[in-house]
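Residue numbers (the numbering used here): 106 to 163.
Notes to accompany the following structure.
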């Protein structure tokens, strides 16, 4: 899938990004791709240590 080939999200007629740009005589100079959750560090816990801390009352 490419930027220009994907459907434009706000178009009711499932118009592609390329078609939208052509209709408005516009071009893409540059773009950045972001992925959902990118850059978010997942916290890793030691479940056994957490349970032991609760048992000890820490």
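In this text, a Cβ means the ideal position worked out from N, Cα and C, and glycines have one as well.
query	result
Please name the residue in 117, 119 and 138 whose C-alpha comes closest to that of residue 107.	138
Please list the terminal residues of the continuous alpha helix (DSSP H) segment that includes residue 131.	Run containing residue 131: none; DSSP gives neither H nor E here.
Sort 126, 135 and 112 by Cα distance to residue 120 and report the nearest one.	112
Where residue 123 and residue 116 are concerned, what is the direct C-alpha to C-alpha distance, given to the nearest angstrom?	12 angstroms
Just to check my reading of the structure: residue 132 and residue 141 have Cβ atoms closer than 8 angstroms, yes? What is that Cβ distance to the nearest angstrom?	About 27 angstroms; that fails the 8 angstroms criterion.
For residue 134, which option in 109, 118, 147 and 158 has the closest C-alpha, if you only look at C-alpha atoms?	109
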